[in-house]
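Here the structure is laid out as structure tokens; the discussion comes afterwards.
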Amino acid sequence: GYRVSLQGNFFGRNHMYIIFPEYNPCKHIKLDPPLNIQSNVTASKCQIWWSVPWYLVEILQYELQYKEYSMPWETALNKTPPSSLPQIEIEATELRSGITYIARVRCKVSESEDSYHSQWSEWSQTTVFQKAGVPKLSEKILNTRTMQFLFIPLSFGTLLYLFWNCKLSSRYCCFLTSGQKASPALTFPRQLLSFSHSIICTMGILR
Numbered sequence: 001g002y003r004v005s006l007q008g009n010f011f012g013r014n015h016m017y018i019i020f021p022e023y024n025p026c027k028h029i030k031l032d033p034p035l036n037i038q039s040n041v042t043a044s045k046c047q048i049w050w051s052v053p054w055y056l057v058e059i060l061q062y063e064l065q066y067k068e069y070s071m072p073w074e075t076a077l078n079k080t081p082p083s084s085l086p087q088i089e090i091e092a093t094e095l096r097s098g099i100t101y102i103a104r105v106r107c108k109v110s111e112s113e114d115s116y117h118s119q120w121s122e123w124s125q126t127t128v129f130q131k132a133g134v135p136k137l138s139e140k141i142l143n144t145r146t147m148q149f150l151f152i153p154l155s156f157g158t159l160l161y162l163f164w165n166c167k168l169s170s171r172y173c174c175f176l177t178s179g180q181k182a183s184p185a186l187t188f189p190r191q192l193l194s195f196s197h198s199i200i201c202t203m204g205i206l207r
């Protein structure tokens, strides 16, 4: 170790003051902040990672802060990674949909490290991320009503088409005699009723 002293001339006399009788530089380290902080958001979580010198990876610990973008840092939440790896995950349940968040990270030598000791570094640059929003109820209702408005005219158009075809076919139909099968044109009322029933059922589902 080293001895750190302060020497000065006060009122014409030299004085020496011992500041640190045993100073070990390895015990008084302040690291540079982590670099290249990045984020990626999925449906289930937000992954955040950063870079530090490779020779320090195994002896560092980290602290992450994140908050809503428009809020001050005093309101930020803190998270500690479970390992010395330069990465962390935030569960989707911890984030609000449609809200933009900002995060930063700092590092220091791990408390379990005996050879070195440091204070927290300055905070890193920030990364911005946002949880994907879910469709609002009003949007779902709008989509359902659009389907209904499109389905109704198409259904009536189909009915008119079937009716017109039946009318044309009926001109060429022969009268039935006993034991003969019914002409396909004369089975139209049954088809029409069946098709109308399908329309009503489908409209009920769309509601």
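No gaps in the numbering here: position 33 of the sequence shown is 33 in full-length UniProt numbering, and each next residue is one more. Quick reminder that beta carbons are idealized off the backbone N, C-alpha and C, glycines included.
Query	Result
With distances taken from CA atoms, which of V105, I90, H117 is nearest T42?	I90
Based on the DSSP output, what are the partners of R13 in its beta bridges?	F10
Please go through the same chain and pick out, in chain order, the residues whose beta-carbon is closer than 8 angstroms to the beta-carbon of Y116, but skip the five residues on each side of it.	C26, K27, I29, I59, V109
Tell me the rounded alpha-carbon separation between S83 and W54.	15 angstroms
For the beta strand (DSSP E) containing R106, list its first residue and its last residue.	100-109
Rounded to a whole number of angstroms, what is the C-alpha to C-alpha distance between G98 and A132?	6 angstroms
Would DSSP call K79 helix, strand or coil?	strand
Just verifying my parser: in three-state terms, what is the DSSP assignment at W123?	coil
Between the Cα of A103 and the Cα atoms of S118, M71, Q119, which residue gives the shortest distance?	M71
In its own chain, which residues sit with a C-beta less than 6 angstroms from the C-beta of T75, not counting the 5 before and 5 after it?	K67
Which residues mark the beginning and the end of the beta strand (DSSP E) in which S51 is found?	45-51
P21: buried (16+ other C-beta within 10 angstroms of its C-beta) or exposed?	exposed
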